[in-house]
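Enquirer:
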DNA sequence: ACCTGAACACCGTTCAAGT
DNA sequence: ACCTGAACACCGTTCAAGT
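Protein chains in written order, with our numbering: chain A, 16 to 226; chain B, 16 to 226.
1. Within 8 Å of any Cβ in chain B, is that where the Cβ of residue 149 of chain A sits?
2. Verify the CB distance criterion: does residue 44 of chain A have a CB-CB separation below 8 Å to chain B?
3. Who are the Cβ neighbours of residue 156 of chain A in its own chain at under 7 Å, not counting the five residues just before and after it?
4. Between the region 177-210 of chain A and chain B, which residues of the former have a C-beta closer than 9 Å to a C-beta of the latter?
5. To which residues of the same chain is residue 176 of chain B closer than 8 Å at the C-beta, ignoring the five residues directly before and after it?
6. Evaluate the contact criterion for the region 43-57 of chain B versus the region 25-33 of chain B: three or more CB pairs, one atom per stretch, below 8 Å.
7. Please confirm whether residue 116 of chain A and residue 120 of chain B have their CB atoms less than 8 Å apart.
8. Answer with buried or exposed for residue 118 of chain B, where buried requires no fewer than 16 other C-beta atoms within 10 angstroms of its C-beta.
9. Please classify residue 192 of chain A: is it buried, with 16 or more other beta-carbons within 10 angstroms of its beta-carbon, or exposed?
10. Residues of the region 46-62 of chain B in Cβ contact with chain A at a cutoff of 8 Å, in chain order, please.
11. Looking at the C-beta of residue 229 of chain A, does it have a partner C-beta in chain B at a distance below 8 Å?
12. Is the shortest distance between the beta-carbon of residue 142 of chain A and the beta-carbons of chain B less than 8 Å?
13. At what residues does the alpha helix (DSSP H) containing residue 124 of chain A begin and finish?
14. Which residues in chain B have a C-beta closer than 8 Å to the C-beta of residue 145 of chain A? List them in chain order.
15. Can you tell me whether residue 136 of chain A is buried or exposed, with buried defined as 16 or more other CB within 10 angstroms of its CB?
16. Of all the residues that make up the region 106-124 of chain B, which are near chain A by a beta-carbon distance shorter than 8 Å?
17. Using a Cβ-Cβ distance under 8 Å, would residue 75 of chain A count as near chain B?
18. Quick one: using the 10 Å Cβ neighbour count with 16 as the cut-off for buried, is residue 149 of chain B buried or exposed?
19. Could you work out which residues of chain B lie near residue 216 of chain A, taking near to mean beta carbons separated by less than 8 Å?
20. Check whether the Cβ atoms of residue 100 of chain B and residue 153 of chain A lie closer than 8 Å to each other.
21. On the DSSP letters alone, give me the boundaries of the alpha helix (DSSP H) that residue 145 of chain B sits inside.
22. Considering only residues of the same chain and omitting the five flanking positions on each side of residue 183 of chain B, which have a CB-CB separation below 6 Å?
23. Measuring only the C-alpha atoms, how far is residue 77 of chain B from residue 212 of chain B?
24. So is residue 210 of chain A buried or exposed if we call it buried at 16+ other beta carbons inside 10 Å?
25. Evaluate the contact criterion for the region 85-97 of chain A versus the region 67-76 of chain A: three or more CB pairs, one atom per stretch, below 8 Å.
26. Locate the alpha helix (DSSP H) running through residue 93 of chain B, then write down its first and last residues.
27. Is it right to say residue 57 of chain B is buried, meaning 16 or more other beta carbons lie within 10 angstroms of its own, or is it exposed?
28. If you reduce the DSSP assignment to three classes, tell me which class residue 170 of chain A lands in.
29. Within 10 angstroms of the Cβ of residue 220 of chain A, are there 16 or more other Cβ atoms? Answer buried if so, exposed if not.
30. In whole angstroms, what is the alpha-carbon distance linking residue 35 of chain A and residue 138 of chain B?
31. By the three-class DSSP mapping on this structure, what secondary structure does residue 32 of chain A have?
32. Could you give the first and the last residue of the continuous alpha helix (DSSP H) run that contains residue 56 of chain A?
33. Hey, does residue 154 of chain A have any beta-carbon neighbour from chain B nearer than 8 Å?
34. Since residue 151 of chain B and residue 93 of chain B should fall inside the 8 Å C-beta cutoff, what is the C-beta to C-beta distance between them, to a whole number of angstroms?
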């Protein structure tokens with residue numbers, strides 16, 4: 016029986032993400048993470064300088080899923096493609112809701128600029144003038160990240176907590192959407208989609224440029 | 016010299032907020048907070064069950080500033096009043112940027128429903144139909160909280176971090192807005208204001224109801 | 001009721017040592 | 001290069017005791 020091959024950085028990141036999905040970011044312990052991987056609690060220092068470096072790697076790994084989810088958008092209109100990218104970004108974050116709160120703090124929407132370039136190209140194709148690109152891009156990113164954080168950051172009790180909050184409002188329309196957590200979840204996605212179309216409509220010109 | 020009067024919960028909350036403004040939420044220590052107030056590090060347990068309870072009180076205190084900033088809106092159109100409330104909410108959060116990251120996690124936009132009722136009344140006055148109130152309210156709240164968290168959560172280095180990120184994009188329009196942190200800050204507020212008008216325009220009917 | 005001080009269990013990090 | 005185990009400083013929380 017040969018010695019087990021040395022573990023990779025990615026092994027630690029994957030284990031840490033799975034671990035955080037269970038107990039939340041604040042629940043992660045160097046010692047438990049080591050034990051889970053069959054190592055001592057100091058083994059991790061061979062791969063990461065400190066906890067912050069591991070956390071950054073976790074965030075980047077979650078964000079790296081977005082391009083995979085997006086896939087090929089060449090058949091779509093620029094506006095549809097942008098909406099699709101937005102939904103995929105939200106979906107990628109929603110897969111690991113307990114890591115979501117760290118995203119705005121890290122303020123690194125991916126360690127590469129690939130996503131920015133991709134979105135920029137779509138915005139240009141949709142007719143956004145060059146000088147307006149940073150505003151349009153930031154509005155879109157802030158909307159996606161912001162609303163997703165707003166919806167999921169309280170995981171795993173986010174749905175029940177918002178349900179109770181809306182219940183306390185005490186008026187009939189809020190009662191309707193706060194009967195069950197399933198209804199809250201449905202409402203969240205509905206509002207996200209509506210707001211997304213509103214944002215796209217507000218920052219994209221009415222008619223795309225002639226090709 | 017009589018004994019110093021017993022401290023209130025609000026004294027601890029105020030000291031904790033000031034403390035968090037300096038070192039961030041993760042930097043807060045039970046012991047240092049006690050020392051700062053001239054008490055032992057366990058005195059706080061006479062007023063708060065645990066750290067989470069103090070944090071919740073801190074958030075509620077920050078949010079309680081919003082109504083004070085809003086003031087009287089009776090002279091404004093409903094839409095202008097909503098925009099004003101949105102700006103005040105952002106301003107109240109921006110006053111304590113290092114507490115902002117905890118806001119979506121707590122998922123409690125104030126412990127009272129007063130703000131929801133106030134916003135609801137304005138939305139109704141602006142012509143939003145009753146059944147649409149939860150969607151319109153949530154879109155607005157998610158936009159305000161979400162974008163503000165997105166902009167400020169990385170404090171105190173949030174401006175420089177975003178500046179470097181935009182700089183890495185490498186295209187001319189992003190270069191323009193990332194020359195200085197002051198320019199980034201200006202850009203943040205500009206995009207917030209534009210997006211706010213877009214959201215209001217998208218969720219409010221075109222013409223307000225006749226009075 | 002409010003506060004103190006000792007004590008406890010736990011945690012991130014360092015470091016010398018092993019292979 | 002990768003990992004171990006002891007050690008260190010620190011932290012949140014508990015609790016018996018003081019006023």
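The C-beta atom is built at its ideal place from N, Cα and C for all residues, glycine as well.
Expert: With the structure as the only source:
1. yes
2. no
3. 124
4. 177, 180, 181, 183, 184, 185, 186, 187, 188, 189, 191, 192, 193, 202, 203, 205, 206, 207, 209 and 210
5. 169
6. yes
7. yes
8. buried
9. buried
10. none
11. For chain A, the structure presents residues 16 to 226; residue 229 of chain A sits outside this window and is missing.
12. no
13. Residue 124 of chain A -> no alpha helix (DSSP H), and no H or E assigned at all.
14. 187 and 188
15. exposed
16. 116, 119, 120, 121, 122, 123 and 124
17. no
18. buried
19. 213 and 217
20. no
21. Element bounds for residue 145 of chain B: n/a, residue is neither H nor E.
22. none
23. 25 Å
24. buried
25. no
26. 93-109
27. exposed
28. coil
29. exposed
30. 39 Å
31. helix
32. Note, residue 56 of chain A: premise wrong, no alpha helix (DSSP H); not H, not E.
33. yes
34. The pair is not a contact, with the Cβ atoms about 12 Å apart (cut-off 8 Å).
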